[in-house]
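Protein sequences, first through last, are from chains A, B, C and D.
Quick note: the first sequence uses our numbering, first residue 1, plus one each step.
Quick note: the second sequence uses our numbering, first residue 1, plus one each step.
Quick note: the third sequence uses our numbering, first residue 1, plus one each step.
Quick note: the fourth sequence uses our numbering, first residue 1, plus one each step.
From the three backbone atoms N, C-alpha and C, an ideal C-beta is built for every residue, glycine too.
Model, not experiment: these values are computed from the prediction.
This report concerns only the one structure given below.
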Amino acid sequence: MKLPAFASLLAGDTNADRVVPPTGVSARLTLLVSGAMAFLAVFALALSLASGRLATRWGDELANGATLRISAPADQVAAQTQAALRVLDTTPGVGAARALSQDEQRALLEPWFGPDLPVEDLPIPQLIEIIESDGSFDPAGLRLRLAAEVPGAVLDDHARWRRPLVQAASRLKLLGLVSIGLITLATAAMITLAANAALSANAQVIAVLRLVGATDRYIARAFVRRFTLRALTGAAVGTALAMIAVALLPDAGETAGFLTGLSFVGPHWIWPLMVPLLAAIVAFVATRTAALRMLGGLS
Amino acid sequence: MKLPAFASLLAGDTNADRVVPPTGVSARLTLLVSGAMAFLAVFALALSLASGRLATRWGDELANGATLRISAPADQVAAQTQAALRVLDTTPGVGAARALSQDEQRALLEPWFGPDLPVEDLPIPQLIEIIESDGSFDPAGLRLRLAAEVPGAVLDDHARWRRPLVQAASRLKLLGLVSIGLITLATAAMITLAANAALSANAQVIAVLRLVGATDRYIARAFVRRFTLRALTGAAVGTALAMIAVALLPDAGETAGFLTGLSFVGPHWIWPLMVPLLAAIVAFVATRTAALRMLGGLS
Amino acid sequence: MIELENVAYSYGYGGGALLSELSLKLSPGSFHFLTGPSGAGKTTFLKLCYGALRPTSGEVQIFGKDLRGMDRDDIAMARRRIGVVHQDCQFLDHLSVAENIALPLAVSGQEHLADGNLDELMAWVGLTERANALPAELSGGERQRAALARAVIMSPDVVLADEPTGNVDWEMSQRLLTLLVELNRMGKTIMIATHDLSLIRAAKAQVQARVLRISNKRLQLAGADL
Amino acid sequence: MIELENVAYSYGYGGGALLSELSLKLSPGSFHFLTGPSGAGKTTFLKLCYGALRPTSGEVQIFGKDLRGMDRDDIAMARRRIGVVHQDCQFLDHLSVAENIALPLAVSGQEHLADGNLDELMAWVGLTERANALPAELSGGERQRAALARAVIMSPDVVLADEPTGNVDWEMSQRLLTLLVELNRMGKTIMIATHDLSLIRAAKAQVQARVLRISNKRLQLAGADL
Ligand SMILES: Nc1ncnc2c1ncn2[C@@H]1O[C@H](COP(=O)(O)OP(=O)(O)OP(=O)(O)O)[C@@H](O)[C@H]1O
Ligand SMILES: Nc1ncnc2c1ncn2[C@@H]1O[C@H](COP(=O)(O)OP(=O)(O)OP(=O)(O)O)[C@@H](O)[C@H]1O
Ligand SMILES: [Mg+2]
Ligand SMILES: [Mg+2]
């Protein structure tokens with residue numbers, strides 16, 4: 001694709017434009033296809049971006065998701081805690097491990113007992129917070145090792161139920177991207193077909209133009225210009241509508257956080273604006289290829 | 001739309017079929033459009049159904065999502081518990097409220113202290129489980145009333161962070177349904193346009209057929225049959241591919257639960273199977289309307 | 001067979017009538033020529049005769065039925081009894097020449113009648129060798145011959161031919177004329193619009209043909225100078 | 001202007017050559033007629049002359065350039081100097097008759113030349129009243145006249161006309177002939193394929209015309225009987 005050609009296209013040449021029949025079902029088809037596809041693409045993009053943000057956030061929260069509880073006679077607690085920390089130190093996937101102080105333990109229990117619980121006097125187990133490094137460690141393996149070396153330790157992997165959520169969010173993001181790819185491909189194919197339909201419906205126009213001495217470039221230009229503009233217009237309208245729709249989706253505010261933020265955030269607003277441009281480029285390449293190939297086959 | 005006409009269409013009349021040019025860009029366009037749109041529709045459907053399930057599940061879990069904690073001197077606990085239950089009884093949005101037994105309290109605390117905690121001997125607060133009836137009660141209002149009547153009560157609305165998730169899931173479901181509607185509309189429009197393109201590209205075919213005494217029904221039939229079959233085939237292939245893709249999405253198993261279950265569940269497998277049927281009906285109506293209207297305008 | 005009474009026709013608004021006060025009765029077995037300068041309305045007149053155009057005023061009867069009372073299906077049925085040769089011969093470009101010629105049979109569900117008839121007809125118009133060619137691969141004259149063959153394959157009651165010999169040489173035009181004369185002898189009604197005066201002269205030697213002339217919007221019987 | 005040397009042509013495979021051993025030199029200012037039975041290859045021959053078909057063997061020179069050395073753009077440029085009347089006249093259906101006739105000017109970016117010329121030409125071929133009609137609204141003869149007008153609007157060096165009078169009456173064909181004869185007197189090269197022997201006779205009375213005949217795949221000079 002030559003960019004100068006693409007740019008000069010928008011300048012227009014009303015003369016060459018007139019020789020191709022002005023309205024055509026194919027042109028309207030292109031408008032509609034690119035509009036609808038742009039709309040869907042923007043939605044898929046929003047879904048994908050939101051899922052991506054979600055995956056990142058949940059991933060962060062996952063990092064400190066597991067605790068180890070050491071219940072042992074009072075005199076053994078300290079020793080077992082040291083042993084457990086040593087084990088954790090050598091467990092792959094565990095980034096850091098730290099025994100909680102009494103104040104921290106009290107804060108954790110506050111919801112259940114209120115602020116006045118005498119932690120010191122109770123046979124409360126020692127808690128060890130596990131911070132995962134990357135992805136996840138293997139809880140089953142860790143349990144086996146702990147069973148052998150620290151009999152009083154119980155691993156509570158309370159992020160367990162959240163990990164699949166992150167997976168799900170990543171998958172949703174992937175699904176969104178796959179949909180966008182699919183939409184782009186389908187759009188390109190449909191515009192190519194629409195251009196081909198227009199070209200073969202206008203076989204006679206082309207024959208007449210060749211007969212009176214029109215060059216291939218002159219003929220192709222009128223078709224390419226028309227289809228590129230239609231795709232651009234259609235996609236722009238579709239994108240605009242989709243962005244309005246996305247912006248209108250009620251935002252659940254700060255507390256919501258999780259999935260509600262489907263709207264575009266900050267610099268992400270750039271992405272949907274690429275959609276019409278992409279559509280125009282796709283249409284330009286598709287139509288130009290179709291036109292020049294078809295013209296090459298005529299005398 | 002006459003159903004007998006639709007049914008007899010599939011029986012076929014090779015004679016009438018031959019008189020319409022066999023391959024046409026429009027026909028391929030129809031195939032592609034319905035295939036791609038069916039694929040997207042099935043994905044949107046999967047997303048929508050999964051979100052729906054999620055919303056229901058989370059909604060159920062939300063139902064018992066709040067607890068009331070009564071911390072008071074041992075002799076006042078019983079009285080304050082009664083008072084709190086009375087308050088809850090008259091709070092709109094609260095379906096039921098129930099003081100937990102000691103066994104239940106111990107079970108709740110087990111993760112923290114292990115199974116051997118002497119609950120009876122500890123100054124542990126009494127917990128009251130709140131089961132919401134429909135939607136949600138107003139936590140702020142409830143707190144105000146409690147502050148006045150039950151000084152030792154602390155409301156822990158621990159489902160608070162989960163409620164927007166349910167909202168989000170419902171919204172995602174809606175988005176999926178809107179996308180399906182959009183896809184259906186766009187597909188209908190595109191098939192209508194493709195049919196129109198085919199009809200006007202074949203204006204000469206139609207003129208010749210009229211000249212030699214073909215009836216409108218005979219002419220329309222060949223076009224309608226072709227487009228309906230293409231839409232059916234395209235949508236069937238698109239649906240099949242999408243269903244395979246959905247089935248191949250790794251299932252995170254029982255523990256996962258939340259968003260990972262994007263695949264169709266049980267009777268929901270019926271829904272995507274409706275997609276090709278819908279596409280065929282849409283194509284049939286669109287093409288038939290276009291053909292008969294166009295033929296009516298000719299002599 | 002076909003009767004026009006006091007028919008007038010004009011295309012669209014604005015301009016005056018193209019044809020007016022036309023009255024004609026095509027009786028079974030008659031043979032007519034239609035002449036007139038280019039643009040006089042010969043093609044328009046033929047279109048009125050087979051129901052492709054509806055008169056602005058006046059009455060057209062096709063096979064005894066008033067055109068105004070006929071719906072689109074009735075007209076389609078009447079067309080099966082009228083063979084038409086268009087001035088610009090149109091075919092189904094994806095079917096072979098033979099299939100195009102047999103098209104009227106296919107459309108009316110009588111393909112089985114084609115066999116012997118078709119071959120003989122193709123031979124007569126000199127298209128046997130081109131039977132499997134596509135219409136786009138025919139020469140101008142070959143197209144006209146194919147169009148005439150298609151018009152007569154059903155042995156229709158009426159044949160309306162618009163300039164059927166404009167692109168063929170003299171010998172071939174005589175062959176085509178002979179075909180039409182034969183049909184006329186079998187009792188069919190024939191009407192040919194043409195500029196070719198020598199064709200008319202040749203026909204007059206073989207059958208009793210009336211020559212009509214469109215001039216000044218009216219239909220006139222042409223003088224004996226032809 | 002256009003030179004063919006020992007040219008042969010056959011459509012596709014299978015069948016033998018349609019034309020062979022053709023040699024002809026169209027010198028500036030010459031006037032040729034091309035005849036031969038329907039299907040002999042007249043149209044094919046004209047297409048060879050303006051580069052729409054490339055010969056199977058032999059050499060074609062257009063304006064002194066070997067066709068084999070010309071790319072698609074070169075051919076497009078050469079077409080601007082050759083006026084062609086197709087046997088089945090094709091137009092751009094969405095443009096008016098006047099715009100269609102002026103199309104060669106538009107395509108070569110010379111619309112400004114149209115004005116006076118166009119009106120005069122339209123009047124000569126009798127289309128002044130139909131100037132704003134669409135091509136689909138023309139009669140068969142009107143289409144042929146429009147096609148001829150389009151072919152000569154650029155006053156090309158060569159005019160190749162394929163059966164330009166098949167659908168017009170005698171008087172109009174004389175007018176069209178006069179137009180071509182005038183062009184010839186201005187030094188243009190003319191070649192007309194036709195079946196109409198009386199047209200040839202009429203032309204011979206006005207200019208020195210050579211009559212070529214395609215028969216048995218060869219090009220022959222026709223006898224003095226014409
Ligand atoms: N569809 C139409 N709309 C408007 N005017 C038309 C239409 N068809 C034909 N005409 C005009 O009506 C007049 C008669 O046309 P018609 O085709 O009947 O002539 P014709 O006698 O067959 O001429 P020819 O011998 O050249 O074929 C012409 O001037 C033509 O331009
Ligand atoms: N594209 C094509 N493919 C195959 N055969 C063709 C093609 N075009 C023409 N022919 C065949 O070549 C032969 C010559 O065709 P051509 O059109 O040159 O004849 P012509 O002399 O112009 O005849 P007419 O006077 O009928 O117009 C014919 O038999 C025709 O069927
Ligand atoms: Mg006519
Ligand atoms: Mg020819």
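CA nearest to the CA of residue i, picked from the options
i                : options                                : result
threonine 194/C  : Arg54/C, Leu19/C, Leu22/C, Leu160/C    : Leu160/C
methionine 172/C : Ala205/C, Leu199/C, Ala151/C, Glu137/C : Leu199/C
isoleucine 244/A : Asp89/A, Leu40/A, Ala27/A, Ser179/A    : Leu40/A
alanine 106/C    : Asn216/C, Phe63/C, Met154/C, Ile62/C   : Met154/C
glycine 39/C     : Asp196/D, Arg143/D, Leu177/D, Asp157/D : Arg143/D
glycine 109/C    : Phe284/B, Val275/B, Ala214/B           : Ala214/B
lysine 47/C      : Phe33/C, Tyr9/C, Lys25/C, Ser30/C      : Tyr9/C
leucine 22/C     : Thr44/C, Arg175/C, Asn132/C, Gly12/C   : Thr44/C
valine 7/D       : Phe31/D, Gly51/D, His32/D              : Gly51/D
alanine 66/B     : Glu104/B, Val19/B, Phe137/B, Gln105/B  : Phe137/B
methionine 274/B : Glu132/B, Ile180/B, Ala189/B           : Ile180/B
alanine 46/B     : Pro272/A, Leu172/A, Leu29/A            : Leu172/A
threonine 184/B  : Val42/B, Leu127/B, Pro21/B             : Val42/B
isoleucine 101/D : His94/D, Leu180/D, Leu118/D, Gln87/D   : Leu118/D
alanine 140/A    : Asp156/A, Leu100/A, Ala36/A, Leu127/A  : Asp156/A
Beta carbon of residue i nearer than 9 Å to that of residue j
i               : j               : result
leucine 19/C    : cysteine 49/C   : no
alanine 146/D   : leucine 134/D   : no
proline 28/D    : arginine 80/D   : no
alanine 44/A    : glycine 234/A   : no
alanine 236/B   : alanine 107/B   : no
valine 150/B    : valine 94/B     : no
threonine 91/B  : leucine 142/B   : yes
valine 84/D     : aspartate 196/D : no
leucine 92/D    : valine 125/D    : no
threonine 165/D : isoleucine 2/D  : no
alanine 201/B   : alanine 201/A   : yes
Close Cβ partners of residue i (< 7 Å) along its chain, the five nearest in sequence each way excluded
i              : result
arginine 213/C : Thr35, Gly36, Gln220, Ala222
alanine 169/B  : Ser51, Leu54, Ala55, Trp58
proline 276/A  : Ala38, Leu232, Ala235, Ala236, Thr239
leucine 53/D   : Tyr9, Thr44, Lys47
Sequence-distant residues of its chain with Cβ nearer than 6 Å to residue i (five each side left out)
i             : result
alanine 153/B : Leu68, Ile70, Ala84, Leu146
leucine 121/C : Ala149
proline 125/A : Arg69, Ile70, Ser71
arginine 98/B : Glu129
Any C-beta of chain G under 9 Å from that of residue i
i                  : result
phenylalanine 43/B : The chain inventory of the structure shown lacks chain G, comprising the protein chains A, B, C and D.
Any non-hydrogen atom of ligand 5 within 8 Å of residue i CB
i              : result
glutamate 21/D : Among the ligands in the structure shown, ligand 5 does not appear; only ligand 1, ligand 2, ligand 3 and ligand 4 can be found there.
Same chain only: Cβ atoms within 8 Å of residue i, ignoring 5 sequence neighbours per side
i                : result
alanine 17/D     : Ala8, Tyr9, Ser10, Thr56, Lys217
asparagine 132/D : Ser96, Val97, Ala98
Check each residue's C-beta against every heavy atom of ligand 3 and list, in chain order, those closer than 6 Å. Chain-ordered, the residues whose CB falls short of 6 Å from any heavy atom of ligand 3 come out as Lys42/C, Thr43/C, Gln87/C, Asp162/C, Ser139/D, Gly140/D.
Should the region 72-85 of chain C be regarded as contacting the region 183-201 of chain B, the criterion being three or more beta carbon pairs within less than 8 Å? Judged by pairs of C-beta atoms under 8 Å, the region 72-85 of chain C does not touch the region 183-201 of chain B, as fewer than three such pairs exist.
Taking 8 Å as the threshold, find out whether the region 198-208 of chain B comes into contact with the region 237-244 of chain B through three or more Cβ pairs. The region 198-208 of chain B, when compared against the region 237-244 of chain B, does not touch it at the 8 Å Cβ threshold.
Check whether the region 275-292 of chain A and the region 223-232 of chain A are in contact - that is, three or more C-beta pairs closer than 8 Å. Short answer: they touch.
Tell me whether the region 287-294 of chain B and the region 217-224 of chain B touch, counting them as touching only if at least three CB pairs, one residue from each stretch, are closer than 8 Å. Contact between the region 287-294 of chain B and the region 217-224 of chain B is present: three or more C-beta pairs spanning the two stretches fall below 8 Å.
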